[in-house]
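So the structure is just underneath, and the comments pick up after that.
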Amino acid sequence: GTILDVDEDDIEKANPPSYDRSEDLASLLYLNESSVMHCLRQRYGGNLIHSFAGPNMVVINPLSTPSMYSEKVMHMF
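If you're matching positions, the sequence shown starts at 2 in our numbering and goes up one per residue.
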């Protein structure tokens, strides 16, 4: 393996695994760019494309049409 020296100022705290798919990003224990991106990646991987950041909704483009947007579901409304 390779040893990589990283400046202490470049290290960010990570959340415990129980926060990996948090629906509300504002609830993360450590709210930093790395933690937010990790959470969004985990949610996207589980087809959870809708999240919140406090009162704001965050939606990740799934690159396909989710079943919740099917013609059948749209006719229900």
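In this text, a Cβ means the ideal position worked out from N, Cα and C, and glycines have one as well.
Between which two residues does the alpha helix (DSSP H) containing residue 36 stretch?
Following the DSSP letters along the chain, one finds residue 36 inside the alpha helix (DSSP H) bounded by residues 34-46.
Three-state secondary structure (DSSP) at residue 54?
The answer is strand: DSSP assigns residue 54 an E or B state.
Return the CA-CA distance between residue 23 and residue 6, expressed in angstroms with no decimal places.
31 Å
Mapping the DSSP letters down to three states, classify residue 21 as helix, strand or coil.
coil
According to the neighbour-count rule (16 or more other Cβ atoms, all chains shown, within 10 Å of its Cβ), is residue 1 buried or exposed?
It is not possible to answer for residue 1, since the shown part of the chain is limited to 2 through 78.
Going by the beta-carbon positions, is the gap between residue 25 and residue 53 smaller than 7 Å?
yes
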